[in-house]
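A.B. asks: Residue numbers (my numbering): 159 to 1095. Yeah, the Cβ is synthetic: ideal placement off N, Cα and C, and Gly gets one too. Here the structure is a predicted model, which means the values were calculated and not measured. Questions regarding the structure given below will be posed in turn.
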């Protein structure tokens, strides 16, 4: 009789727990939450404001109790114990799994995928066993059940131990707070101030906490029993030995997988890079382990997204036991360390400092920024959270398809052998945030950019005009405006190399939201941009900007392309074609302009000069010249090893290795990336025939400034007629704002192998190139050819490029009649005057004055578009400061907002305070919503 009564009591308890919790949950969700946020949640997901992954997890969180309630009512109505098995063995674990995925786990690692995947498989296998039991009729299914329920035995022990760490202090806090009866006061206040749904939410929360206390024992017991039942059934059908062999094989394979995957690569990566390698063999050994180093450094840099916490910062178990039971510190530390061991797949071995450390080591080892080379991995980590990147278009935004180029129109107005070119573009944002677009592009050295405008429509009368400002001041004001909160339109166009430019525009407005569409918002959803420049005609036609890099912007075959009023096709994979065709034949002409201040600029076609015998550019005319060849030995140069060999073979054939100045000579300086860490191993080779390119190991990262410093240390008193720094495209983003660089005493030429110029140069290198009378090229042959031509033309020549020689001479104080050619001449005047700069503000202001007079962009003057008086005041203040020409390197590296650490406790509140905070938050949410409904009618 007593057993029957006890059974009835248990059955009633099981019924009550299952149906009371599920009915409360379904009432709260379907009557309280979904009517308020359901439609908005779906709309925001389709608009892109909420990641699909989070939306699906949220749906699963609601679907689990719903489906379990249906199964309970359909199949298990008269089976209370099966209801309890369904609740504690399927519903509660699956509900908790979704909560963990939604709020704790950001990006899966291989080992966390293994553990959580195993738990999920076990939950589903348990659910199948509850509904259908063991399947003796289908052998494959029986084997699958054996595998799953063997893992279930492991899972039950693991999850049970893990939950026990939380249940003990939770039970202690629950008991302590229950007998304080403060919860009665909170319940009474909830009854008075919030509606029935709010009260149900509070009761559901309290009921869930109570049920959680029984989770470890119930879960473990249910899963152990289920595992044993299936294994016994399998053994009865197929034999005990086969069951044991199958179970042992499953456990063995799983344990091998676990221990092999639960190795964090950053430990080995940091150890390998702890000491800088001094010999070629040591460097080659490290290069051979590049994959391990890359994996480890990326894992360390992204650990806040891949792990719940680092072991060093995880102290919440210690804090809970200390606060609830006031245990000795040694015992709390033991419990914390034991917990860390159990949670090792989800805890990072290291410290938060490893994020910056990994980023630095990656750049030093791979010679490129981590966020640039591994941007797909970083972007994936960001997408696994609700965190968005910065408004500023950084390295992570390279080739990102966020802003669509809806329309592009190019208009050309030819004036003989030079022309005015206008590029007009319309941008459409494809995201739910304001975005910045960025172009790095190049133009011929003789071109001059003459205008930049922004507009919300295609109405030219209402577009915002540019103004020419000192480069540092313009950059400072622009960067201050690039923010996601209350964005205001600026645009910035800078010259960042002899041929290099950087164009940035912000903000590209986001599309209208569902709410804005319903309320008929007329907010602008496009940005219109106009850019103009003047350029000399070349043999192939009229040069258009050559794209080096784009961020956020993309184009498709639906982008409307118009050239001189005619629609063009076939540009889906390119920003612009290389040239616009020249309609009429035109012979190059001589141009001469007096710009005032006693300077006259002349442009003379090289063909005419050669016909007159003035500009003989045969290499044999270059004699008695000594050159310094500085070889970049950084890691990225390994890709150009064949071109390095070809370059030095050509130099030897031209007589640069015969130690005779008659046909010119060259000394080689091999740089070393070790730089300031210890004494570098850079070396000088006076006879370049002694250099074997195959013997060099390209390793590490070194910037041009450091190469020039090493060159100056080894040069001694040797004079040179030209300095040729042989490098590749390089990594502008790794360079620094270093003004303490040795002044070169000969023209500095940057020779970029690989036929690819860098996106930009920092101002230190740009200054050295221009002040020394050097330049940039993609091969040494072109440099020697240009130097020979310039020497033949005399000292008044400013530059030789794109088929013209530009001369700067003394002229009259009066300017010539305006012809439209003046900006091109002013561009060359600035280049000519740069060779005599000493860096004083007075000289820079004078050169800036030329750019401002003729409305052009120069290495010292940028174009900025401002739209309000506040921006103009900021620019005026920046232009008056002494650092108005100091421009910072745009590294593009984003300071990512890291997810909060749920396991780090500092100044931890008491457990009852935590509950009060949560209850108060729920109450305030419902009260505010109720008040809003009342106000809205």
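Let's test the definition: count the other Cβ atoms within 10 Å of the Cβ of residue 1000 and tell me whether it reaches 16, buried, or not, exposed.
C.D. replies: Along the chain shown, one-based indexing puts residue 1000 at 842. Residue 1000 comes out exposed.
A.B. asks: Check whether the Cβ atoms of residue 913 and residue 863 lie closer than 8 Å to each other.
C.D. replies: Position 755 of the chain shown holds residue 913. Position 705 of the chain shown holds residue 863. Result no, Cβ atoms of residue 913 and residue 863 do not sit closer than 8 Å.
A.B. asks: Pick out whichever of 259, 179, 906, 284 has its Cα sitting closest to the Cα of residue 274.
C.D. replies: Counting from one through the chain shown, the residue named residue 274 turns up at place 116. Ranking the options by Cα distance to residue 274, first place goes to 259.
A.B. asks: In whole angstroms, what separates the C-alpha of residue 732 from that of residue 713?
C.D. replies: Counting from 1 along the chain shown, the entry for residue 732 is found at position 574. Counting from 1 along the chain shown, the entry for residue 713 is found at position 555. Roughly 8 Å separates the two Cα atoms.
A.B. asks: Exposed or buried, residue 782, counting other C-beta atoms within 10 Å across all chains shown (16 or more means buried)?
C.D. replies: On the chain shown, position 624 is the one that residue 782 refers to. Its Cβ having fewer than 16 others within 10 Å, residue 782 is exposed.
A.B. asks: Kindly indicate which residue of 330, 1012, 597 has the alpha-carbon position closest to the one of residue 484.
C.D. replies: Along the chain shown, one-based indexing puts residue 484 at 326. Residue 484 has its Cα closest to that of 330, out of 330, 1012, 597.
A.B. asks: Looking only at its chain, what residues have a beta carbon closer than 8 Å to the beta carbon of residue 1065, apart from the 5 residues adjacent to it on each side?
C.D. replies: Looking up residue 1065 in the chain shown gives position 907. Residue confidence for residue 1065 is low, a pLDDT of 44 falling below 50, so the modelled location carries little weight; the figure read from the coordinates is stated next. So the list is empty, once near-sequence residues are dropped.
A.B. asks: Based on DSSP bridge pairs, tell me the residues matched to residue 707.
C.D. replies: Looking up residue 707 in the chain shown gives position 549. In DSSP, residue 707 forms a bridge with 598.
A.B. asks: Given residue 522, which residues of its chain have a CB within under 7 Å of its CB, disregarding the five upstream and five downstream residues?
C.D. replies: The residue you call residue 522 lines up with position 364 of the chain shown. Hits under 7 Å: 858, 859.
A.B. asks: Determine contact between the segment 745-762 and the segment 557-569, defined as no fewer than three beta-carbon pairs at a distance below 8 Å.
C.D. replies: no
A.B. asks: Does the segment 627-644 come into contact with the segment 1013-1033, if we say contact requires no fewer than three beta-carbon pairs (one atom in each stretch) closer than 8 Å?
C.D. replies: yes
A.B. asks: Which of the three DSSP states, helix, strand or coil, is assigned to residue 725?
C.D. replies: Reading the chain shown from its first residue, position 567 is the one you call residue 725. In the structure shown, residue 725 falls within a strand segment according to DSSP collapsed to helix, strand and coil.
A.B. asks: Going by other Cβ atoms of all chains shown within 10 Å of its Cβ, with 16 needed for buried, is residue 636 buried or exposed?
C.D. replies: As a working mapping, residue 636 is identified with position 478 in the chain shown. With 16 or more other Cβ atoms within 10 Å, it is buried.
A.B. asks: How would you write the range of the alpha helix (DSSP H) that residue 806 sits in, first residue to last?
C.D. replies: Counting from 1 along the chain shown, the entry for residue 806 is found at position 648. It spans 799-811 - the alpha helix (DSSP H) in which residue 806 sits, taken as one unbroken run.
A.B. asks: Let me know the secondary structure DSSP gives residue 378 once reduced to three states.
C.D. replies: Mapped onto the chain shown, residue 378 falls at position 220. Here residue 378 sits in helix by DSSP.
A.B. asks: Within 10 Å of its beta-carbon, does residue 534 have 16 or more other beta-carbons around it, so buried, or fewer, so exposed?
C.D. replies: Position 376 of the chain shown, counted from the first residue, corresponds to residue 534. Exposed, by the Cβ-count rule.
A.B. asks: For the ligand NAP, any of its heavy atoms closer than 7 Å to the Cβ of residue 906?
C.D. replies: The ligand NAP is absent from the structure shown, which contains no ligand whatsoever.
A.B. asks: Quick check: the Cα distance between residue 187 and residue 217, rounded to an integer number of angstroms?
C.D. replies: Looking up residue 187 in the chain shown gives position 29. Looking up residue 217 in the chain shown gives position 59. Those two C-alpha atoms are separated by around 11 Å.
A.B. asks: Mind checking residue 677: buried by the 16 CB within 10 Å criterion, or exposed?
C.D. replies: The residue given as residue 677 occupies position 519 in the chain shown. So residue 677 counts as exposed.
A.B. asks: Is it a yes or a no for the segment 495-507 touching the segment 427-437, going by three-plus beta-carbon pairs under 8 Å?
C.D. replies: no
A.B. asks: Just checking my contact of residue 613 with residue 622 at CB under 8 Å: how many whole Å lie between their CB atoms?
C.D. replies: Here residue 613 corresponds to residue number 455 of the chain shown, with the count starting at 1. Here residue 622 corresponds to residue number 464 of the chain shown, with the count starting at 1. With a Cβ gap of about 7 Å, residue 613 and residue 622 count as contacting.
A.B. asks: Opposite residue 1023 in the DSSP bridges: which residues?
C.D. replies: Counting from 1 along the chain shown, the entry for residue 1023 is found at position 865. 624, 649.
A.B. asks: Secondary structure at residue 113, three-state DSSP: helix, strand or coil?
C.D. replies: Outside the shown range of the chain (159 to 1095) lies residue 113, about which nothing can therefore be said.
A.B. asks: Applying the criterion that 16 or more other CB atoms from any shown protein chain within 10 Å of the CB defines a buried residue, is residue 559 buried or exposed?
C.D. replies: As a position in the chain shown, residue 559 is number 401, starting the count at 1. Exposed, by the Cβ-count rule.
A.B. asks: Residue 663 to residue 1037, Cα distance in whole Å?
C.D. replies: Against the chain shown, residue 663 aligns to sequence position 505. Against the chain shown, residue 1037 aligns to sequence position 879. If I take the Cα positions, the gap works out to 21 Å.
A.B. asks: Under three-state DSSP, which class holds residue 677?
C.D. replies: Within the chain shown, residue 677 is the residue found at index 519, counting from 1. The answer is coil: DSSP assigns residue 677 none of H, G, I, E or B.
A.B. asks: Could you give the first and the last residue of the continuous beta strand (DSSP E) run that contains residue 968?
C.D. replies: Looking up residue 968 in the chain shown gives position 810. Residues 962-968.
A.B. asks: Nearest to residue 831 by alpha carbon, out of 812, 794, 474?
C.D. replies: Here residue 831 refers to the residue found at position 673 of the chain shown. Selected option, being the one with the closest Cα: 794.
A.B. asks: Below 8 Å on the Cβ atoms is my contact criterion, and I expect residue 468 with residue 496 to pass it. Report the Cβ-Cβ distance as a whole number of Å.
C.D. replies: Sequence index remark: in the chain shown, residue 468 carries index 310 (1-based). Sequence index remark: in the chain shown, residue 496 carries index 338 (1-based). That pair is no contact at about 17 Å.
A.B. asks: So, is residue 685 buried or exposed, given that buried needs 16 or more other C-beta atoms within 10 angstroms?
C.D. replies: By one-based count along the chain shown, residue 685 stands at place 527. Result: buried.
A.B. asks: Whose CA, out of 286, 968, 965, 466, lies closest to the CA of residue 262?
C.D. replies: To locate residue 262, count along the chain shown from 1; it is residue 104. Out of 286, 968, 965, 466, 466 has the C-alpha closest to the C-alpha of residue 262.
A.B. asks: In or out: residue 710 buried (at least 16 other Cβ within 10 Å) or exposed?
C.D. replies: Along the chain shown, one-based indexing puts residue 710 at 552. When all chains shown are included, residue 710 counts as buried.
A.B. asks: How many Å lie between residue 734 and residue 926 at the Cα?
C.D. replies: Numbered from 1 along the chain shown, position 576 holds the residue referred to as residue 734. Numbered from 1 along the chain shown, position 768 holds the residue referred to as residue 926. One alpha carbon belongs to residue 734, the other to residue 926, and they sit about 31 Å apart.
A.B. asks: By a C-beta neighbour count over all protein chains shown, 10 Å radius and 16 as the cutoff for buried, is residue 983 buried or exposed?
C.D. replies: Along the chain shown, one-based indexing puts residue 983 at 825. Classification of residue 983: buried, given that the 10 Å Cβ count is 16 or more.
A.B. asks: Where does residue 440 fall in DSSP's three states?
C.D. replies: Position 282 of the chain shown, counted from the start, is the residue given in the question as residue 440. The answer is helix: DSSP assigns residue 440 an H, G or I state.
A.B. asks: Can you look up residue 847 in the DSSP assignment and give me helix, strand or coil?
C.D. replies: In the chain shown, the residue the question calls residue 847 occupies position 689. Looking at residue 847 - three-state DSSP - the assignment turns out to be helix.
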